[in-house]
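K.L.:
In this note's numbering, the protein residues as written are 199 to 357. All C-beta atoms in this analysis are idealised placements derived from N, C-alpha and C, irrespective of residue type, glycine included. Sharing a structure with you now.
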């Protein structure tokens, strides 16, 4: 009887948990050395779309821990009202851009030159670390990057 009660209680508690959010997330990194997008959509697959120094799309499979870390960050991160933390005088600093879609809701943010919220700089660094420790398999898959391309940095003009 106790086993049946425990089983019933376990089923009820697990059924009461909020459903996991499905995220459509794009991360963009721009620097003088490299420019790429990371695309994540709540699965165990991470896509990389290199923009510079060469164009290429590839994918890798995330570990369970990496997927859970990304998912948790996306579940808990709070986008500020302002979408752009940079100045009009572009320097050769680092730029991160984030685009997150949950259903019909969409949020974007661009941070450059150590401006913006620290949580986004740390999240960007963690995504870079995940990217750097994987090898990738080329694919011909195409992505619509138009939302995040609106937040990209214009080219740096040298005098």
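Is the beta carbon of residue 278 sitting closer than 9 Å to the one on residue 307?
P.N.:
Within the chain shown, numbered from 1, the residue matching residue 278 stands at position 80. Within the chain shown, numbered from 1, the residue matching residue 307 stands at position 109. Contact flag set, yes.
K.L.:
Secondary structure at residue 282, three-state DSSP: helix, strand or coil?
P.N.:
Taking the first residue of the chain shown as position 1, residue 282 is located at position 84. Three-state DSSP puts residue 282 in a strand.
K.L.:
Let me know if residue 244 comes out buried or exposed under the rule of 16 or more other beta-carbons within 10 Å of its beta-carbon.
P.N.:
Counted from its first residue, the chain shown places residue 244 at position 46. By the neighbour-count rule (16 or more Cβ atoms within 10 Å), residue 244 is buried.
K.L.:
With which residues is residue 257 paired in a DSSP beta bridge?
P.N.:
Residue numbering aside, residue 257 sits at position 59 when the chain shown is read from its first letter. Residue 257 pairs with 245 and 335.
K.L.:
Three or more beta-carbon pairs under 8 Å between the region 300–314 and the region 260–270, yes or no?
P.N.:
No, because fewer than three Cβ pairs between the region 300–314 and the region 260–270 fall closer than 8 Å, the two stretches do not touch.
K.L.:
Where do the N-terminal and C-terminal ends of the alpha helix (DSSP H) with residue 321 fall, by residue?
P.N.:
One-based indexing of the chain shown puts residue 321 at position 123. Its alpha helix (DSSP H) spans residues 316–330.
K.L.:
I need the boundaries of the alpha helix (DSSP H) containing residue 265, first residue and last residue.
P.N.:
Taking the first residue of the chain shown as position 1, residue 265 is located at position 67. Residues 262–274.
K.L.:
Out of 241, 276 and 275, point me to the one whose CA is closest to residue 260's CA.
P.N.:
As a first step, residue 260 is located in the chain shown; it is residue number 62 there, counting from the start. For residue 260, the nearest C-alpha among the options comes from 241.
K.L.:
For residue 262, count neighbouring Cβ atoms within 10 angstroms of its own Cβ and tell me buried if that reaches 16, exposed if not.
P.N.:
Numbered from 1 along the chain shown, position 64 holds the residue referred to as residue 262. Exposed, since its Cβ has fewer than 16 Cβ neighbours within 10 Å.
K.L.:
What is the rounded straight-line gap between the Cα of residue 296 and the Cα of residue 221?
P.N.:
Start at 1 with the first residue of the chain shown, and residue 296 comes out as number 98. Start at 1 with the first residue of the chain shown, and residue 221 comes out as number 23. If you take the alpha carbons of residue 296 and residue 221, they lie about 12 Å apart.
K.L.:
Looking only at DSSP bridge pairs, what is residue 309 linked to?
P.N.:
Within the chain shown, residue 309 is the residue found at index 111, counting from 1. Note: residue 309 sits in a beta bridge opposite 283 and 294.
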